[in-house]
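Written below as structure tokens is the structure these notes are about.
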Amino acid sequence: MKRRRFPPFSPPLSPLSELGVVQGFYSADESQHLYERLLHENAWPDNHYCVDGRVFELPRQQTWHADPGIRYSYSNNLLQTRDWTPLLSDIRAKIERHLNVQFNSVLVNLYRNGQDYVGWHADDERELGESPVIASLTLGATRTFAWQHKDSQEEGRMALESGTLLVMKPGFQHHWFHSIPRDPKVKEGRINLTFRKVIPLK
């Protein structure tokens, strides 16, 4: 991946109106408890995948959980859909009550240390609809969330601490790419849960 330089401060651009941040959605003790449970209770798959006959290594580990009958092209290209666990269901219910938004799926990512990352992308697959709301919960190590405008290339970033709920509002995916860049200084793990509402395609 091409290395990018980030500005020292996030520019005063509209992404801040298209992002919602709830710091301390879970307390420090609650966040650590949830992180440890997910780390040890979730059956993390091997992060090597075969797509169109090619084997590649995903720079993180992840699982995909959804209501019955829900398919998401990105995740189902890589992952077997799993049932909701009681823990994930409890987290979903708390976030839904807070946001008054319904979700039917969650992608659970494990960044084992700062060498794990996700590159520039937008969650704009057809199954998410024209105006998706995505709720992203951080547990564990603090990592940088970066964004880049699709047209102007202007960039910004923020640090997401454990227990923070980041809400990507409907317009965000239309206008911005986002990523979790590598950070060699980070030695601890981070678990990120991104709750989505997938719309079955006809």
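Using this note's numbering, the first residue of the sequence shown is number -3, and each one after it goes up by one.
Glycine included, C-beta positions come from ideal geometry on N, C-alpha and C.
Fair warning: this is a prediction, and the values are worked out from it, not measured in the lab.
Cβ-Cβ separation, residue j to residue i (assumed contact under 8 Å), whole Å
i	j	result
ASN43	LEU54	4 Å
LEU75	ARG122	18 Å between Cβ atoms; not a contact.
ALA142	PRO177	6 Å
Per-residue DSSP class, three states only, for residue i
i	result
SER27	helix
GLU157	coil
PHE191	strand
LEU162	strand
SER175	strand
ARG67	coil
GLU121	coil
SER101	strand
SER13	helix
GLU126	coil
GLU32	helix
Endpoints, beta strand (DSSP E) assigned at residue i
i	result
PHE141	139 to 145
TRP116	114 to 117
ASP130	According to the sequence shown, residue 130 is Ile rather than Asp. 130 to 136 is the extent of the beta strand (DSSP E) around ILE130.
ARG108	Careful: ARG108 lies outside any beta strand (DSSP E) and carries neither H nor E.
PHE21	No beta strand (DSSP E) holds PHE21; DSSP gives it neither H nor E.
GLU53	50 to 53
ALA39	Looking at the DSSP string, ALA39 is not in any beta strand (DSSP E), and its letter there is neither H nor E.
GLN58	57 to 62
VAL47	44 to 47
Extent of the continuous alpha helix (DSSP H) run through residue i
i	result
ARG93	82 to 95
PHE168	168 to 171
Within 8 Å, strictly: CB atoms of residue i and residue j
i	j	result
LEU135	SER27	yes
SER101	TYR68	yes
ASN73	VAL47	yes
LEU133	ILE87	yes
THR190	LEU95	no
MET164	ILE187	no
PHE99	LYS193	yes
VAL114	SER23	no
ALA62	THR77	yes
SER127	PRO166	yes
ILE91	LEU161	yes
The stretch 107 to 117 touching the stretch 160 to 172, judged by at least three CB pairs closer than 8 Å: no
Stretch-stretch touch, CB-based, cutoff 8 Å, three pairs: the stretch 152 to 160 with the stretch 76 to 85: no
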